[in-house]
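These protein sequence lines are chains W and L, in that order.
My numbering numbers the first residue of the first sequence as 1 and each following residue consecutively.
My numbering numbers the first residue of the second sequence as 130 and each following residue consecutively.
Note that the Cβ used here is the ideal one computed from N, Cα and C, for glycine as well.
Just so we're clear, the structure is a prediction, and the values are computed from it rather than from any experiment.
Please read the structure below before turning to the comments.
Protein chains: 2
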Amino acid sequence: MIETDHQLSTCMSILKPVRDSLDVLNGKWKLPIIVALTFGEKRFTEISKEVHGITDRMLSKELRDLELNGLVRRNIEESYPVKVTYQLTEHSKSLRSVIDSLKDWGILHKQRLAEECREYKKVKKVLIK
Amino acid sequence: MIETDHQLSTCMSILKPVRDSLDVLNGKWKLPIIVALTFGEKRFTEISKEVHGITDRMLSKELRDLELNGLVRRNIEESYPVKVTYQLTEHSKSLRSVIDSLKDWGILHKQRLAEECREYKKVKKVLIK
DNA sequence: GATATCGCTATACTATAGTATAGTCCTATA
DNA sequence: TATAGGACTATACTATAGTATAGCGATATC
Numbered sequence: 001m002i003e004t005d006h007q008l009s010t011c012m013s014i015l016k017p018v019r020d021s022l023d024v025l026n027g028k029w030k031l032p033i034i035v036a037l038t039f040g041e042k043r044f045t046e047i048s049k050e051v052h053g054i055t056d057r058m059l060s061k062e063l064r065d066l067e068l069n070g071l072v073r074r075n076i077e078e079s080y081p082v083k084v085t086y087q088l089t090e091h092s093k094s095l096r097s098v099i100d101s102l103k104d105w106g107i108l109h110k111q112r113l114a115e116e117c118r119e120y121k122k123v124k125k126v127l128i129k
Numbered sequence: 130m131i132e133t134d135h136q137l138s139t140c141m142s143i144l145k146p147v148r149d150s151l152d153v154l155n156g157k158w159k160l161p162i163i164v165a166l167t168f169g170e171k172r173f174t175e176i177s178k179e180v181h182g183i184t185d186r187m188l189s190k191e192l193r194d195l196e197l198n199g200l201v202r203r204n205i206e207e208s209y210p211v212k213v214t215y216q217l218t219e220h221s222k223s224l225r226s227v228i229d230s231l232k233d234w235g236i237l238h239k240q241r242l243a244e245e246c247r248e249y250k251k252v253k254k255v256l257i258k
């Protein structure tokens, strides 16, 4: 019982950091934007063209979010006219393993669902016979 | 150029499975429910009591989602009255590494943000001087 | 007979995420 | 002078996630 409580509280303490990570990555556009910035800095309209379907409003907001979370840096070139570029930060590289982990599980999960579906069809076939 | 296109398409192919994983874990209640079921099967009202603040409607919906994704199994005991229990599946155990990865990054990220904040204060101090 | 528990569902609402469309202020170019 | 691009912001909308509250049909308990 004490053991269980201890384990449970351990589990609970996992929830907060997991939520933090999910919040940073969540939404429809964060990851596509990160991908677009993977091979060097880009300008607002360049990102907008690469991330198909995003509106200016969303891009502006998501870039601000990513900047606040220290994943993206906004550079202003003091030229005429000013040139604004966005690039990934060092910190953003630490996301690599998280993304890999999510990708691997996503693939595994799809396979599992497909297997389950085949199982179901097999069962149905037997039942029909 | 060809190289870059190739790398980009690789990145894009990562997006879908990552999205799949995020969709499965997303929302306010999925993870707390999974935690509640970590130490054995539980009944509807037991989960409801452990996951503080969740409404019956949400619990019902989220359990159905988790069941559809093969993470939770619903058992009906044919007794009078019927007893319904929920438990984690084998497949749900494969989430372990994903959750660990998210947790680790969440902790790292908080630290990074805290450091950045200290940096900022240092800079501000210098500027005020 | 009245009340309580179990495992939900129904209805109606609010809050947050995302979309659609237009406009602004700057400079550059035809 | 007109048009276009860059980097946004403003306004208004829709869609999805989540909340609040109530009810229901079964059994069990007082």
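{"query": "Can you tell me where the alpha helix (DSSP H) with leucine 63(W) in it begins and where it stops?", "result": "56-68"}
{"query": "Using a cut-off of 7 Å between C-beta atoms, extract the partners of leucine 231(L) located in chain W.", "result": "Val18, Ser21, Leu22, Val98"}
{"query": "Could you give the distance in angstroms between the alpha-carbon of leucine 224(L) and the alpha-carbon of tryptophan 105(W)?", "result": "7 Å"}
{"query": "I'd like the list of long-range same chain contacts for glutamine 216(L), defined as Cβ closer than 8 Å, with 5 residues on each side in sequence excluded.", "result": "Leu166, Gly169, Glu170, Lys171, Val201, Arg202, Asn204"}
{"query": "Residues of the stretch 22-47 of chain W with a CB closer than 8 Å to any CB of chain L: list them in chain order, please.", "result": "Leu22, Val24, Leu25, Asn26, Leu31, Pro32, Val35, Thr38, Phe39"}
{"query": "With a threshold of 7 Å on Cβ separation, who are the neighbours of glycine 70(W) within its own chain once the five nearest residues in sequence on each side are excluded?", "result": "Thr89, His91"}
{"query": "Could you check which residue in Pro161(L), Cys140(L), Met141(L), Ser150(L) has the C-alpha nearest to that of proline 17(W)?", "result": "Pro161(L)"}
{"query": "For threonine 85(W), name the three-state secondary structure that DSSP assigns.", "result": "strand"}
{"query": "Cα separation between cysteine 246(L) and lysine 239(L)?", "result": "11 Å"}
{"query": "I want to verify the contact list: residues of chain W whose CB lies under 7 Å from the CB of isoleucine 236(L), in sequence order.", "result": "Pro17"}
{"query": "Quick check: is the beta carbon of methionine 141(L) nearer than 9 Å to any beta carbon in chain W?", "result": "yes"}
{"query": "Against chain L, does arginine 64(W) count as a neighbour if the rule is that its beta carbon must be under 9 Å from one of theirs?", "result": "no"}
{"query": "Please name the residue or residues paired with histidine 171(L) in a DSSP beta bridge.", "result": "According to the sequence shown, residue 171(L) is lysine rather than histidine. Partner(s): Tyr215(L)."}
{"query": "Give the secondary structure of valine 164(L) by DSSP, where H, G and I count as helix, E and B as strand, and everything else as coil.", "result": "helix"}
{"query": "Would you call the stretch 48-62 of chain W and the stretch 22-31 of chain W touching, i.e. three or more CB-CB distances under 8 Å?", "result": "yes"}
{"query": "For valine 72(W), which three-state DSSP category applies?", "result": "strand"}
{"query": "Pull up the distance between the alpha-carbon of methionine 1(W) and that of threonine 85(W), whole angstroms please.", "result": "Confidence at methionine 1(W) is low in this model, with a pLDDT of 45, below 50, so its placement is unreliable and the value that follows should be read with caution. Approximately 56 Å between the Cα atoms of the pair."}
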